[in-house]
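For reference, the structure is listed below as structure tokens.
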Amino acid sequence: MRKLTYGMNLSLDGYIAAAGDDIGWSGPPSDELFRMWLDHEQASSLSLYGRKLWETMSPYWPTRHQQPDATPAEIEFARAWTETPKVVFSSTIDKVDGNARLVTGDAIAEITRLKAEDGGPMSIGGATLAAAAMRAGLIDEYVIAAHPVLVGGGTPFFTALDSWVNLNLVETRTFPGGVVLTRYETKT
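Residue numbering for the sequence shown follows my numbering, starting at 1 and increasing by one per position.
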């Protein structure tokens, strides 16, 4: 069975985006934090995206490595992002490009099927998609990069659950700017 990891930057009060989908509070990341997200991307053999995250990432990363102001780490991330196969879940868009494929049907059924396949670890991004996977008990690992800011509302990282999910702390790291990374695995 494949491992599914949900990881994102979030505010200290638990939001991945402030009101109006504003993520300006989270960047630019330190070189060390960016490297951690690069390692996360390179470790994933398949990325699962919700529509909003896809629409944020897909216009930027496929050509970032060609921009004259791109850093070596951004070039490496752009290549890794472009090379990693993706599944985009949406009922409102009608096509995706690159090595992505679109799923317009039952996201939980498809994620369950993908987890049951042989293969490397998968990552999931996008709060709405991850919330559905979280409620279905499909997430094996949470990677949280908590930034020292309170945004007061917006899109939460966690969703309401019907029952508790017990976690084991796997790692804690501090990055410049007071960002604290924690990594948890679900208890089995």
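C-beta atoms are modelled at their ideal positions from N, C-alpha and C, and glycine is treated no differently.
The model shown is predicted, which means the values in this text are computed figures rather than measured ones.
- Scanning the stretch 109-154 from its first residue to its last, the whole alpha helix (DSSP H) runs of 4-plus residues come out as 127-135.
- Between leucine 48 and methionine 122, the C-beta spacing is below 8 Å.
- With at least 16 other beta carbons inside 10 angstroms of its own, alanine 130 counts as buried.
- DSSP, reduced to helix, strand and coil, places methionine 8 within a strand of the structure shown.
- Rounded to the nearest whole angstrom, the C-alpha separation of aspartate 39 and glycine 98 is 21 Å.
- In this model, alanine 78 and threonine 188 are separated by some 35 Å (Cα to Cα).
- Ranking Glu171, Phe157 and Gly20 by CA distance to the CA of leucine 12 puts Phe157 first.
- A distance below 7 Å between beta-carbons, with the five flanking residues on each side excluded, links glutamate 185 to the following residues of its chain, in chain order: Asp140, Glu141, Leu167, Asn168 and Val170.
- Arginine 51: member of the alpha helix (DSSP H) spanning 51-57, first to last residue.
- Runs of the alpha helix (DSSP H) lying entirely within the stretch 25-91, each at least 4 residues long, are 31-43, 51-57, 61-64 and 72-83 in chain order.
- The DSSP-derived three-state label of alanine 18 is strand.
- Taking C-beta atoms as the reference points, alanine 145 and leucine 46 fail to come closer than 8 Å.
- Relative to glycine 177, the option among Trp81, His147, Gln66 and His65 whose CA is nearest is His147.
- Three or more beta-carbon pairs separated by less than 8 Å link the stretch 88-106 to the stretch 48-58, which places the two stretches in contact.
- Counting C-beta atoms within 10 angstroms of its own C-beta, serine 44 has 16 or more neighbours from the protein chains shown and is therefore classed as buried.
- At the C-beta level, alanine 136 and isoleucine 93 stay beyond 8 Å of one another.
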